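*Asks:*
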Amino acid sequence: MTDLQDKEKLLEQKHRALASQDSILEPKINEVLSDFLTLGGRPMDVVSCLSESYVGLPTLCNTASEWGQELGINSKDLMRDVIKGMLIDRFDSTAVDTKFMGAETRPPWLDAMIQDPYWRKVLYELSEKHQRCDLLNLAIQMIADAGYQGEIVKVASASTYIGVFNDVLKDSLERLLQEDDVGLDENLPDLIRVCCQHEQTYLYSQLLLKRLADQPGGEPYRRISKELETNALTKGDEHLISILRTYLWEFPQSLASPITAILQNSHATPGDIFAIYRQYTSANPPPVRFLCDSQLLDILLKAVFVPRLGQTPKPEIQEKIIYLIAYAVTVNDSEGKDTNEINSISEKLKLLSTTLTKRTTGANMPGAITTILDLMDVPIVSMALLYWISYLLTETSWYETYYRSAVVPVPHQILEEIAHRHPLQRPFVFEVLKKNLTVEVKNLSPEIMMALRKTLLDRMIYLAQLGFVLPVLKYIKRISSSIDESLIVHTLKMILDMAEPPYSDEFIDLIVEIVEPIAESLNKAMEVKTVVWEFLILRLCKLSSDYALNRKEPINADTRETIMSLQRRF
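Letter by letter, the sequence shown follows residues 1 to 570 of the UniProt record's numbering.
Shown next, in the form of structure tokens:
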């Protein structure tokens, strides 16, 4: 009786398979059909099920694809995106591991996915959501073995396997050492994210960076180590991280306590300053590297040059802070300290502090320009000035009281001069400008606010003229939907007027991405339209030909398609 019931259940199961939508197109339909007849199913039922269940979805998809191509729609990409969405929504990590991880051989489709850039990105996205999935972790290991470590650095699960993590860390450090400051700022967050994923990866990374930093020419690794520490402090055990810093970098106990206190509280107390000052004015001072901490110098500079109610240090404390800053930027442990140079920098910092204190109002500032211009040749003095300007423009009512749209504000002119004299400080100038651009100034009319934003964008355009073009374009692209289109049009025209070939692929892509949403507005401004037309059509088409002749990679296909679309719209 039981055998008969089992046979009937199996027959019903095969019947349902035959009656499912488009069953005749299933790969194993012949086996299902044979099993159904073997179990006693009627041939006429087979014919009925196969004919009645037929819908012809593949044919419908092919027809829709042909229509889409005639309308300019990339049906292949569209279908791929639909499959990706379904895969991400329905992915069951437990079921996947049960079915595939017990098999003797890995699924052949996994190799195909790893070779395709699009499907690798899908695997990364799935891996972010299902970090405990064994199959996805295997896929990440295979991707690393295939040489795509540069992509894996963006994936959290890259830290799951020590082999993958080692490859990613080695590849990332090699690339970071070849980057300039802009490239370092852009690529460092991915490495930090992977290294700070777990306590063990953070400790492992810091130990490795310490060993590398101790080698000749190892200073860049100190910066990376500091960036890791700064990020870890936002989400880890602050006490544990400070202990690791103390022992890893071999801080003397007499310095470890006051420096750790300053870093943890973001404030320099007189007691801590006295303790550090005493060490660095002794007959046998500790190595200067303990002072050369970007976060520590940031706090010390702000203590002197950013007025805070109730926190302004007394003159004797301020003098000691200035000495420590001067010591940090002038002393080299291998060459010993030059007292004259320390005193010279100290005097310039004191003079700047005195000048800014007396000239804090907009009415008096022009009278201080000569002194400021003489002092800002020294990089650390220039940085102190940057801190002060940022405070003045964003935390006081300076714009409300002194801004006039007819002239370029004196603080803005000083920012341009700093960017011109000190290339390494351009990212800091850019941050000040960005912070000002998003500030809403009370009591300024919309027209005056528009003029102020245009003035700030003109300063950014000057940064682009100095070679800081990609960060500026990336920022313009990011804010393009939140500020007036006329400002974007103005900025775009000015940058394109300055730009000369050859253009990098990234520059081309950014320009196209900025232009596309405002194409209609550009059409109304004939002068700007002419500049954009020349860039997009004449110059890019020529560049495309040059690429073809030199047998290099062509312009990104999406960019080319967008260019042709823009050509039709102009």
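Every residue, glycine too, gets a C-beta built ideally from N, C-alpha and C. Please read all numbers here as calculations on a predicted model, not as lab measurements.
Do you know offhand how far residue 476's Cα is from residue 465's?
*Replies:* Taking the sequence shown and counting its residues from 1, the one referred to as residue 476 is at position 476. Taking the sequence shown and counting its residues from 1, the one referred to as residue 465 is at position 465. Going by the C-alpha atoms only, they are around 15 Å apart.
*Asks:* Look at residue 252 and residue 286 and say whether their C-beta atoms are less than 7 Å apart.
*Replies:* Numbered from its first residue, the sequence shown carries residue 252 at position 252. Numbered from its first residue, the sequence shown carries residue 286 at position 286. Their beta carbons are under 7 Å apart, which means residue 252 touches residue 286 by this criterion.
*Asks:* Is it buried or exposed, residue 348, if we count other Cβ atoms within 10 angstroms and call 16 or more buried?
*Replies:* Position 348 of the sequence shown, counted from the first residue, corresponds to residue 348. Residue 348 is buried by the Cβ-count criterion.
*Asks:* Where residue 542 and residue 453 are concerned, what is the direct C-alpha to C-alpha distance, given to the nearest angstrom?
*Replies:* Indexing the sequence shown from 1 puts residue 542 at position 542. Indexing the sequence shown from 1 puts residue 453 at position 453. Low local confidence applies: a pLDDT of 49 at residue 542 is under 50, so the model's placement there is unreliable, and no value is given.
*Asks:* DSSP has residue 102 in a bridge; who is on the other side?
*Replies:* Along the sequence shown, one-based indexing puts residue 102 at 102. Note: residue 102 sits in no beta bridge, so no partner.
*Asks:* Starting from the C-beta of residue 78, find all residues in its chain whose C-beta is less than 8 Å away, skip the five residues before and the five after it, and write them out in chain order.
*Replies:* Taking the sequence shown and counting its residues from 1, the one referred to as residue 78 is at position 78. The residues are 68.
*Asks:* In the DSSP assignment, find the alpha helix (DSSP H) that holds residue 45 and state where it starts and stops.
*Replies:* As a first step, residue 45 is located in the sequence shown; it is residue number 45 there, counting from the start. Per DSSP, residue 45 belongs to the alpha helix (DSSP H) from 43-52.
*Asks:* Between the region 289-297 and the region 252-266, can you find at least three pairs of beta-carbon atoms closer than 8 Å?
*Replies:* Verdict: yes, contact present.
*Asks:* Starting from residue 231 and walking both ways along the alpha helix (DSSP H), at which residues does that stretch end?
*Replies:* Within the sequence shown, the letter at position 231 stands for residue 231. Residues 219-233.
*Asks:* Roughly how many angstroms separate the alpha carbons of residue 209 and residue 121, rounded to a whole number?
*Replies:* Within the sequence shown, residue 209 is the residue found at index 209, counting from 1. Within the sequence shown, residue 121 is the residue found at index 121, counting from 1. Rounded to the nearest angstrom, the two C-alpha atoms are 29 Å apart.
*Asks:* Give the secondary structure of residue 68 by DSSP, where H, G and I count as helix, E and B as strand, and everything else as coil.
*Replies:* By 1-based counting over the sequence shown, the position of residue 68 is 68. Residue 68 falls in the helix class under three-state DSSP.
*Asks:* When we look at the beta-carbon of residue 195 and count the other beta-carbons within 10 Å, is it buried (16 or more) or exposed?
*Replies:* Counting from one through the sequence shown, the residue named residue 195 turns up at place 195. Answer is buried; the Cβ neighbour count reaches 16.
*Asks:* Nearest by alpha-carbon distance to residue 192: which of 423, 224, 218 is it?
*Replies:* Walking along the sequence shown from the start, residue 192 turns up at place 192. The shortest Cα separation from residue 192 among 423, 224, 218 belongs to 224.
*Asks:* Between 94, 138, 172, 92, which has its C-alpha nearest residue 113's C-alpha?
*Replies:* Within the sequence shown, residue 113 is the residue found at index 113, counting from 1. Checked all of 94, 138, 172, 92; the closest Cα to residue 113 is 138.
*Asks:* Determine whether the beta carbon atoms of residue 329 and residue 318 lie at a separation below 7 Å.
*Replies:* Reading the sequence shown from its first residue, position 329 is the one you call residue 329. Reading the sequence shown from its first residue, position 318 is the one you call residue 318. No, these two residues do not count as a Cβ contact at 7 Å.
*Asks:* Thinking C-beta only, is residue 22 closer than 7 Å to residue 50?
*Replies:* Residue mapping note: residue 50 aligns to position 50 of the sequence shown, counting from 1. Residue mapping note: residue 22 aligns to position 22 of the sequence shown, counting from 1. Going by C-beta atoms, residue 50 is not nearer than 7 Å to residue 22.
*Asks:* Verify whether the separation of the beta carbon atoms of residue 326 and residue 299 is less than 7 Å.
*Replies:* Your numbering for residue 326 matches position 326 in the sequence shown. Your numbering for residue 299 matches position 299 in the sequence shown. No, these two residues do not count as a Cβ contact at 7 Å.
*Asks:* Going by other Cβ atoms of all chains shown within 10 Å of its Cβ, with 16 needed for buried, is residue 83 buried or exposed?
*Replies:* Against the sequence shown, residue 83 aligns to sequence position 83. Classification of residue 83: exposed, given that the 10 Å Cβ count is below 16.
*Asks:* If residue 571 sits next to residue 412, beta carbons under 8 Å apart, how far is it from one beta carbon to the other, in whole angstroms?
*Replies:* Because the chain spans 1 through 570 in this model, residue 571 falls outside it and cannot be assessed.
*Asks:* State the start and end residues of the unbroken alpha helix (DSSP H) segment that holds residue 40.
*Replies:* Position 40 of the sequence shown, counting from 1, holds the residue named residue 40. Premise fails: residue 40 is in no alpha helix (DSSP H) and is neither H nor E.
*Asks:* Cβ of residue 136 within 7 Å of Cβ of residue 126?
*Replies:* Mapped onto the sequence shown, residue 136 falls at position 136. Mapped onto the sequence shown, residue 126 falls at position 126. Yes, the Cβ-Cβ distance between residue 136 and residue 126 is below 7 Å.
*Asks:* Contact check, residue 393 vs residue 399 under 8 Å by CB: the rounded distance?
*Replies:* Position 393 of the sequence shown holds residue 393. Position 399 of the sequence shown holds residue 399. Indeed, because the Cβ distance is near 7 Å, the residues count as touching under 8 Å.
*Asks:* Looking only at C-alpha atoms, which of 407, 429, 54, 99 sits nearest to residue 448?
*Replies:* Walking along the sequence shown from the start, residue 448 turns up at place 448. Among 407, 429, 54, 99, the Cα nearest to that of residue 448 belongs to 407.
*Asks:* Pull up the distance between the alpha-carbon of residue 547 and that of residue 100, whole angstroms please.
*Replies:* Position 547 of the sequence shown holds residue 547. Position 100 of the sequence shown holds residue 100. The predicted model places residue 547 with a pLDDT of 43, which falls under 50 and marks its position as unreliable; any figure quoted below should be read in that light. Near 44 Å, if we compare the C-alpha coordinates of residue 100 and residue 547.
*Asks:* CB residue 469 to CB residue 391, shorter than 7 Å?
*Replies:* Stepping through the sequence shown from its first residue, residue 469 is reached at position 469. Stepping through the sequence shown from its first residue, residue 391 is reached at position 391. No, they are not a contact pair.
*Asks:* By the DSSP assignment, the alpha helix (DSSP H) with residue 84 in it spans what residues?
*Replies:* Position 84 of the sequence shown, counted from the start, is the residue given in the question as residue 84. Looking at the DSSP string, the run of the alpha helix (DSSP H) that includes residue 84 is 75-90.
*Asks:* Residue 34 to residue 61, Cα distance in whole Å?
*Replies:* Here residue 34 refers to the residue found at position 34 when the sequence shown is read from its first residue. Here residue 61 refers to the residue found at position 61 when the sequence shown is read from its first residue. Cα-Cα distance, rounded: 29 Å.
*Asks:* For the alpha helix (DSSP H) containing residue 498, name the first residue and the last one.
*Replies:* Taking the sequence shown and counting its residues from 1, one reaches residue 498 at position 498. Counting along the chain, the alpha helix (DSSP H) containing residue 498 begins and ends at 485-498.
*Asks:* Using the C-alpha atoms, what's the distance from residue 341 back to residue 472?
*Replies:* Here residue 472 is taken as the residue at index 472 of the sequence shown, counted from 1. Here residue 341 is taken as the residue at index 341 of the sequence shown, counted from 1. Between residue 472 and residue 341, the C-alpha separation is close to 36 Å.
*Asks:* Taking the alpha carbon of residue 444 as the reference point, which residue from 504, 404, 241, 248 has its own alpha carbon closest?
*Replies:* Mapped onto the sequence shown, residue 444 falls at position 444. It is 404.
*Asks:* Buried or exposed, going by whether 16 or more other CB atoms sit within 10 Å of the CB of residue 88?
*Replies:* Your numbering for residue 88 matches position 88 in the sequence shown. The residue in question, residue 88, is exposed, as its Cβ has fewer than 16 Cβ neighbours within 10 Å.
*Asks:* Please state whether the Cβ-Cβ distance between residue 350 and residue 322 is less than 7 Å.
*Replies:* Position 350 of the sequence shown, counting from 1, holds the residue named residue 350. Position 322 of the sequence shown, counting from 1, holds the residue named residue 322. A contact, by the Cβ cut-off of 7 Å.
*Asks:* Taking the alpha carbon of residue 419 as the point to measure from, which residue in 383, 437, 435, 397 has its own alpha carbon closest?
*Replies:* Here the question's residue 419 lines up with position 419 in the sequence shown. When only C-alpha atoms are compared, the closest one is 383.
*Asks:* Mind the definition here: the region 36-50 touches the region 7-23 only if three or more C-beta pairs lie below 8 Å; say whether that holds.
*Replies:* They touch, by the three-pair rule.
*Asks:* Give me the Cα-Cα distance between residue 389 and residue 396, rounded to the nearest whole angstrom.
*Replies:* Here residue 389 is taken as the residue at index 389 of the sequence shown, counted from 1. Here residue 396 is taken as the residue at index 396 of the sequence shown, counted from 1. Residue 389 and residue 396: Cα-Cα distance of roughly 10 Å.
*Asks:* Within 10 angstroms of its Cβ, does residue 478 collect 16 or more other Cβ (buried), or is it exposed?
*Replies:* Along the sequence shown, one-based indexing puts residue 478 at 478. So residue 478 counts as exposed.
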